[in-house]
Amino acid sequence: MIYLQLARAVLDAQRAALLEARAIGQYSSQSLRLAEEALDAYELRLTPRRSTSVCISRSTHACISRIIRGTDELRLPERLLRRSTQLLIGLFLFGFGVSLIVRGDLGAAPWDVLTLGIISHIPVSFGVVTISVSIIVLLCWIPLREKPGIGTLLNAVLIGPSADVGFLVLPETTELWLRILYLVLGVVLIGVASGLYIGARLGPGPRDGLMTGLHRVTKLPIWVTRTGLEATVLLIGWLLGGTVGFGTLFFVLAIGPLCQVFLPSSASRSRGTQTRRRRSRRTLRPHPLLGQPHRVLVVTEEDARPGR
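FYI, in the working numbering the residues of the sequence shown are -16 to 291.
Printed below as a string of structure tokens:
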């Protein structure tokens, strides 16, 4: 019974990592779909009543292996310390990037438009509203049965104060060229910060978790869920008086590619992971808890050709 509980807990962590990878576009849609099918095969392995037979490609097996190894790496104290440091730096830079965009006053990100709309009616700081919105979003995780990590909680309480620090440091300006510079630097900085805190893999942000939870419950494509959620938030913020403009469109179009660029360089990997990548293709090891599904056949593209 304890074995099954531990195995299912690891499987849930793998599915959460897969949803996060889908949300940020880390792998192709086909690879993610095959990886999800492979996870389903692992889940069937936990059911003692039936035997599982599945055929997966070598690239899919490697993708699942990376997800599994990522769960193991979190147990190493030195890895956890480095990931925690990376997470804290990323969250501070994220908040500072938000303050740059808001100071530019050319249009904010959708969630920041909501925050600006709220503070136009309530005399509190930007950081306080950001924390309050994050807590409300985390409460929405309860019916979705999402599980927060330490990175989730730190995201909720640190980005707002970091933005307030940025507002204290950055002067207001009416010069158009300086406002554009604020906007561009802010978007780039948020892209770098997103790569850092997502690469730390200590839990998704509250808003990202809400998106992936809705995706899992509604079965809608991830892009539909994300677009619908942010469009709703943007509309509410605009109706409340938040700043919508060219900067909003620039953020929406640029943040995805920037995260794609900065995430691979920020993702934490252990020496063991790098060593295993250099090994022979036939030395891929299963997870010690889950093992390998019964009669798993790993084939290459050449083996899968018709007539073979």
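Just so you know, even glycine gets a beta-carbon here, dropped at the ideal spot from N, CA and C.
Residue i, buried or exposed, once every other Cβ within 10 Å from all chains shown has been counted against 16
i	result
L246	buried
T157	exposed
E343	Any answer about residue 343 is impossible in this case: the structure gives the chain only from -16 up to 291.
A176	buried
S117	buried
L217	buried
S292	Residue 292 cannot be examined here, being either before or after the span of the chain that is shown, -16 to 291.
T208	buried
L137	buried
L151	exposed
T68	exposed
R261	Low per-residue confidence applies at R261: pLDDT is 45, beneath 50, and the placement is therefore not dependable, though the value from the model is reported in the following sentence. By the neighbour-count rule (16 or more Cβ atoms within 10 Å), R261 is not buried but exposed.
Cβ-Cβ distance between residue i and residue j below 8 Å
i	j	result
G188	C242	no
V96	I142	no
A139	L161	no
L179	G73	yes
L172	F79	yes
L212	L197	yes
Contact set for residue i: own chain, Cβ-Cβ below 6 Å, skip 5 residues either direction
i	result
A92	F234
G132	L185 and G186
L168	L83
G220	V96, L97 and G100
L70	G134, Y180, A183 and L185
Distance between residue j and residue i (C-alpha atoms, nearest Å)
i	j	result
I307	G192	The chain is shown only over -16 to 291; residue 307 falls outside these bounds and no answer can be derived.
S108	D147	7 Å
R184	G149	25 Å
T98	R65	32 Å
G230	G224	16 Å
I84	L166	5 Å
L89	R199	34 Å
L127	R190	13 Å
V227	L236	14 Å
P240	I101	29 Å
L57	A214	Per-residue confidence for L57 stands at a pLDDT of 48, beneath the threshold of 50, marking its modelled position as unreliable; no derived number is given.
I114	W124	16 Å
I181	V244	13 Å
I119	M194	14 Å
F77	L203	28 Å
A24	W94	38 Å
S145	T210	26 Å
Residues near residue i by beta carbon distance below 7 Å, same chain, minus five either side
i	result
L164	none
E155	R86
T135	G186, P187, G188, P189 and G192
I238	V170, I173 and G174
L153	S82, L83 and R86
Test: residue i CB closer than 8 Å to a CB of chain D
i	result
C123	Checking the listed chains, one finds no chain D in this structure; it contains a single protein chain.
Sequence-distant residues of its chain with Cβ nearer than 8 Å to residue i (five each side left out)
i	result
L159	none
V111	G143
T201	T208
I105	V112
4 or more residues per run - each alpha helix (DSSP H) lying fully within the stretch 118 to 177: For the stretch 118 to 177, whole alpha helix (DSSP H) runs of length 4 or above, ordered along the chain, are 133 to 152.
Identify every run of the beta strand (DSSP E) within the stretch 193 to 228, keeping only runs that are complete inside it and at least 3 residues long; order them along the chain. Whole beta strand (DSSP E) segments, 3+ residues: zero.
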